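Below is one structure, written out as structure tokens; the observations come after it.
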Amino acid sequence: MNLYVVIPALNEEAYVGEIVSGICRLGFDVVVIDDGSRDSTGETARQNGAHVIRHAIRQGKGASLRDGFQHALTQGCDAVVTMDGDGQHAVSDLPAFIEKFENEPGYGVINGSRMLSCRSMPKVRLYTNRLMSALISWLCRQRIADTQCGFRLIRADVLRKVTLRSAGFQIESELLIEAARAGFTIGSVPIQTIYSDEKSSINPVVDTFRFIGFFINQLFR
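Per this note's numbering, the sequence shown runs over residues 202 to 422.
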């Protein structure tokens, strides 16, 4: 299969090289979107085998993912896998997505779920995630255990059919909602929950209010 792994990254030179090299060893193409990093994220990714798209100034996760999707589609991909560049997603979990993609072709999106091994997840994130997942599942009319997980496989025909507009983290929820509205079924696979000493790019106050605004907007569409 022609699969591209798309990784939006901001100041992730400590993690991105190992992630990219691990994916390349599995035989898949990697696209890293360097979203205005002030360190050597882009060069490190390139040296380890990634195609790098560079944003001179930060544009947000949504803009980065859209650029990555567009590149993969122009290369004739069958599917795209999205991963974060901060080490919270294990390359060793990638084959589980591929197996489900090949054996259960009815899914348009296969979402990673951390809910079976969430003991190491910070409590605030866990409770916020559960609330957001319940709300997004209600909009999608499908049960999705972990809507805020950025580790997922998306079939190319989903990306060709939906229109994504969000510039920030809301794009992950937007993609699920638009895919469900377009008639696609969303599945899931369990993945590891990895948290270390990295600093999250998510502001719990600002991004919660952004999510509320996004949800209200989607509710009345």
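Just so it is clear, CB atoms sit at the ideal spot from N, CA and C, and this is done for glycine as well.
None of these values were measured; they are calculated from a predicted model.
Unbroken beta strand (DSSP E) run spanning His252, endpoints:
Run containing His252: His252 to His256, per the beta strand (DSSP E) assignment.
>> Buried or exposed for Pro306, going by 16 or more other Cβ atoms inside 10 Å?
In response: exposed
Residues near Val253 in its chain [Cβ-Cβ closer than 7 Å; skip 5 each side]: Val233, Asp235, Gly243, Ala246 and Arg247
Three-state secondary structure (DSSP) of Leu211: coil
By how many angstroms is the C-alpha of Phe412 removed from the C-alpha of Tyr328?
15 Å
Given a cut-off of 8 Å on the beta-carbon distance, is the pair Ala380 and Gly277 in contact? no
Beta-carbon spacing of Ile387, Gln343 below 8 Å = yes
- Item | Integer Cβ distance of Val281 from Tyr205, believed to fall under 8 Å | 5 Å
Subject >> For Ser389, the nearest candidate out of Ile208, Glu219 and Phe352 (CA to CA) >> reply: It is Phe352 whose Cα lies nearest to the Cα of Ser389.
Mind checking who Asp236 pairs with in its DSSP beta bridge? His256
### Query
Is Arg247 near the ligand NAD, with its Cβ less than 7 Å from a heavy atom?
Only the bare structure without any ligand can be found here, which leaves the ligand NAD out of the picture.
_Environment of Ile417 [buried if 16+ CB atoms lie within 10 Å]_ = exposed
Note to self: Check this for me: beta carbons of Arg267 and Gly237, under 8 Å apart or not?
What the structure shows: no
>> Rounded to whole angstroms, what is the Cα-Cα separation between Met202 and Ala335?
In response: Looking at the two C-alpha atoms, the distance is approximately 33 Å.
Item checked: Among Cys341, Val221, Pro209 and Ala357, the one whose alpha carbon lies nearest that of Phe302 -> Ala357
Provide the residue(s) that pair with Gly313 in DSSP beta bridges, ordered along the chain.
-> Per DSSP, Val390.
Whose C-beta lies closer than 6 Å to the C-beta of Arg255 among residues of the same chain, with five residues either side of it excluded?
-> Asp235 and Gly243
Report task. Apply the 10 Å Cβ neighbour rule to Thr364 and answer buried if 16 or more other Cβ atoms are within range, or exposed otherwise. Result -> With fewer than 16 other beta carbons inside 10 angstroms of its own, Thr364 counts as exposed.
**OP:** Determine, using beta carbons only, whether Asp347 and Gly369 come nearer to each other than 8 Å.
**Re:** no
| request: Return the chain-ordered list of same chain residues with a C-beta closer than 7 Å to the C-beta of Lys262, the five sequence neighbours on each side being excluded. | output: Pro209, Gly369, Phe370 and Ile372
### Message
Using a Cβ-Cβ cutoff of less than 6 Å, which residues in the same chain neighbour Phe229 once the five nearest sequence positions on both sides are dropped?
### Response
Leu204 and Val206.
Q | Simplified DSSP state of Ala297, which is helix, strand or coil | A | The three-state secondary structure of Ala297, taken from DSSP, is helix.
Original post:
Can you tell me whether DSSP reads Thr275 as helix, strand or coil?
Top reply: helix
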